[in-house]
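In the numbering used here, the protein residues as written are 96 to 199.
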Amino acid sequence: MPTVYYQGEEIECEEGDVLRDVLKEAGLSVHNGSTRTFNCHGLGQCGTCAVQVDGEVSEPSRREEARLWLPPHHPSHDVRLACQTRVEGDVEVTKGSGLWGQHI
Ligand code: FES
């Protein structure tokens with residue numbers, strides 16, 4: 096059973112669970128500021144759930160890659176969209192600063 100490490104918490108989940116959902120169910124948010132309310136609710140469109148991940152996760156989908164090409168993100172930034180990322184093993188998650196979490 097994979098463990099997600101985020102903001103000092105350790106959350107166990109099932110392999111294949113969506114990262115954003117895992118954290119949300121644990122009472123944790125991957126959003127900064129007003130994007131906690133104003134976001135696309137996991138559709139992969141707003142880009143505000145961007146996080147840095149270190150561990151075993153799914154490969155990015157075309158939708159995710161497309162969104163990460165749009166500002167303020169850039170493919171050179173080492174971030175993933177939590178709503179499009181599936182947990183495949185233990186993973187450490189870091190949220191950057193900025194409304195989109197774009198500053199890691
Ligand atoms: S919640 Fe909007 S892209 Fe993830």
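Quick reminder that beta carbons are idealized off the backbone N, C-alpha and C, glycines included.
Just so it is clear, the structure is predicted and the values come from calculations on it, not from any experiment.
Have a look at the DSSP bridge pairing and note the partners of residue i.
i	result
ARG175	VAL146
VAL182	VAL152
HIS198	SER192
GLU187	TYR100 and ASP149
Once the 5 residues before and after residue i are set aside, which same chain residues still bring their CB inside 7 Å of it?
i	result
LEU53	Since the first residue shown for the chain is 96 and the last is 199, residue 53 is missing from the structure and cannot be characterised.
PRO170	LEU163 and TRP164
TYR101	LEU118, LEU123 and VAL188
CYS135	CYS141
Within a Cβ cutoff of 6 Å, which residues of the same chain sit near residue i, ignoring the five residues on either side of it in sequence?
i	result
THR98	GLU105, GLU107 and ASP185
GLY111	ARG181
ALA245	Given a span of 96 to 199 for the chain in the structure shown, any question on residue 245 remains unanswerable.
Taking the alpha helix (DSSP H) that residue i falls in, what are its first and last residues?
i	result
GLU159	157–162
ASP116	114–120
Let's see if you can read the secondary structure: which residues bound the beta strand (DSSP E) around residue i?
i	result
GLU104	104–107
For residue i, which residues from the same chain have a beta carbon less than 8 Å from its beta carbon, with the 5 sequence-adjacent residues on both sides left out?
i	result
GLY128	LEU194
ARG131	SER124
SER156	GLY139 and GLN179
SER151	Checking the sequence shown, residue 151 turns out to be Glu, not Ser. Here the set comprises PRO97, VAL182, GLU183, GLY184, ASP185 and VAL186.
- [ ] Quick one: residues with CB closer than 7 Å to any heavy atom of the ligand FES, in chain order, please.
- [x] ARG115, ASN134, CYS135, HIS136, GLY137, LEU138, GLY139, GLN140, CYS141, GLY142, THR143, CYS144, ARG162, LEU176, ALA177, CYS178 and GLN179
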